[in-house]
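Chemist: Mapped onto my numbering, the consecutive letters of the sequence shown carry residue numbers 726 to 1102.
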Amino acid sequence: MIYVNEPSLGERELELVSECVRTGWISSAGKFINQFEEGWATYCERKYGVAVCNGSVALQVAVAGLDLQPGDEVIIPTFTIISCATAVTYNGAVPVLVDADPDTWCMDVDQVKGKITPRTRAIMPVHLYGHPVDMDLLLELADRHGLAIIEDAAEAHGALYYSAREGDSPGWRRCGGFGALSCFSFYANKLVTTGEGGMILTDDPQLAEKARSLRNLCFQPERRFFHEELGFNFRMTNLQAALGVAQLERMDEIVARKRWLGEQYTLKLQGIPGIRLPVEKSWARSVFWMYGLVLAEETEMDATQMALRLKGKGIETRPFFLGMHEQPAFHKAGLFLNEHYPVAERLARQGLYLPSGLALSETQIDLVCSAVQETLQ
Ligand SMILES: Cc1ncc(COP(=O)(O)O)c(C=O)c1O
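(1) Who pairs with Ser-781 in a beta bridge, going by DSSP?
(2) Considering only the alpha carbon of each residue, which of Ala-1096, Val-1097, Glu-974 lies closest to Gly-735?
(3) How would you label Arg-747, buried or exposed, when you count the other beta carbons within 10 angstroms and need 16 or more for buried?
(4) Helix, strand or coil: which one does DSSP assign to Asp-1091?
(5) Give the DSSP bridge partners of Cys-908, in chain order.
(6) Just list the residues that DSSP pairs Val-851 with in beta bridges.
(7) I'd like to confirm something about Tyr-912: is its beta-carbon nearer than 6 Å to some heavy atom of ligand 1, or not?
(8) Using only CA atoms, which one of Leu-741, Ser-1081, Ser-938 lies nearest to Ala-776?
(9) DSSP has Thr-919 in a bridge; who is on the other side?
(10) Is it buried or exposed for Thr-1042, if we count other Cβ within 10 angstroms and need 16 for buried?
(11) Note down, one range per segment and in chain order, each alpha helix (DSSP H) of at least 4 residues found wholly within the stretch 960-1027.
(12) So what's Trp-765 in DSSP terms, helix, strand or just coil?
(13) For ligand 1, is there any heavy atom lying closer than 6 Å to the beta carbon of Ser-907?
(14) Ligand 1 and Asp-877: does any heavy atom of the ligand fall closer than 6 Å to the residue's C-beta?
(15) Would Val-1012 pass as a contact of Gly-855 if the rule is Cβ separation under 7 Å?
(16) For the beta strand (DSSP E) containing Leu-822, list its first residue and its last residue.
(17) Which residue from Ser-753, Ile-875, Val-742, Trp-750 puts its Cα closest to that of Val-788?
Laid out in structure tokens, this is it:
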């Protein structure tokens, strides 16, 4: 079986994790936490990093940082992981959905303006499958309407966006460096992995302080067991951070490998009728986190059937996201009833992603591409 993901872990990871075991610094105190926070913030051109135990809670803490009131709204893509929506609902606010862009599969930024109401407080762009969201319009809208941007860059470590906003000097900027807060996951299938893990980045010292406090049960430095606010234990361990520090040392190599993988797939799959391949817009440098395919309407197969056929040939795949507006859990809560987003609905039924882990070899890519071709014949 060729799996959708196999992480690439080496001697350096072993060395740093072993150091934690040898020295006993295995919990959430220890030098690797700070090193990872500072290293990741610097890499993403941010001032502060707050490491947490996964990407879902990174989003939850980021939204909590905005002090939303019940009924406040946050605009998110419908086509994303459920963590984006629950980060909003767990904070008592309301997620408002926009459809996906048919090319990039990220949120359709042209639909955002029409969703802004007097209750809107934030926009959450999610860079999907390694491709950046077209950020300029969102940054513009956020400025004009006084909204916060919470960027979800879980799937886009190291991706770049060319910002050409009036008033700013144009240039390439790293995903995770936009808006009030940005969030990351370091789950095992991410470019940088700590097994499980996440981080919040910001340039605002108060937001950073608030996130630090929330992740650590809102303990107070001067009176530890006296609480003025309610927090969580969302801490990352030094063991996890050690993995992150080791991986960050070879970040350029990791990004280059992912881009190579994306290029290889595109080269070998282009021209095969019946499938749409990922795009890379002129203003984007994708990191091809996971290489997705979307079956054309005229193909007499949906993604579930294709996944089964590929599995029969020893190729593991994963379906694309199912939109938030199609989730029974939200319908039960009275959310998104009778809402329809045709692009997201089509992507959910026709999209899947291929093995894309860092350990994937060229021979394996060839095997996957032959299997895809045979499946479509
Ligand atoms: C876009 C996006 N945001 C957030 C998350 C949540 O991260 P985690 O699995 O670490 O909780 C994921 C999941 O992998 C994701 O793909």
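Just so you know, even glycine gets a beta-carbon here, dropped at the ideal spot from N, CA and C.
Modeler: Quick answer:
(1) Paired residue(s): none; Ser-781 is not in a bridge.
(2) That would be Glu-974, whose Cα lies nearest to the Cα of Gly-735.
(3) Burial state of Arg-747 is exposed, judged by a 10 Å Cβ sphere holding fewer than 16 other Cβ atoms.
(4) Reduced to three states, the DSSP call for Asp-1091 is helix.
(5) DSSP lists Asp-877, Ile-925 as the bridge partner or partners of Cys-908.
(6) Under DSSP, the beta-bridge partners assigned to Val-851 are Asp-877.
(7) Yes, ligand 1 has a heavy atom inside 6 Å of this Cβ.
(8) Of Leu-741, Ser-1081, Ser-938, the smallest CA-CA separation from Ala-776 is found for Ser-938.
(9) Answer by DSSP bridge pairing: none, since Thr-919 is not bridged.
(10) Burial call: buried.
(11) DSSP runs (the alpha helix (DSSP H)) wholly in the stretch 960-1027: 963-973, 976-994.
(12) Trp-765 falls in the helix class under three-state DSSP.
(13) Answer for Ser-907: no, Cβ out of range of ligand 1.
(14) Inclusion of Asp-877 in the 6 Å shell around ligand 1 follows from its C-beta lying nearer than that to a non-hydrogen atom of the ligand.
(15) Closer than 7 Å, so yes.
(16) Looking at the DSSP string, the run of the beta strand (DSSP E) that includes Leu-822 is 819-823.
(17) Checked all of Ser-753, Ile-875, Val-742, Trp-750; the closest Cα to Val-788 is Ile-875.
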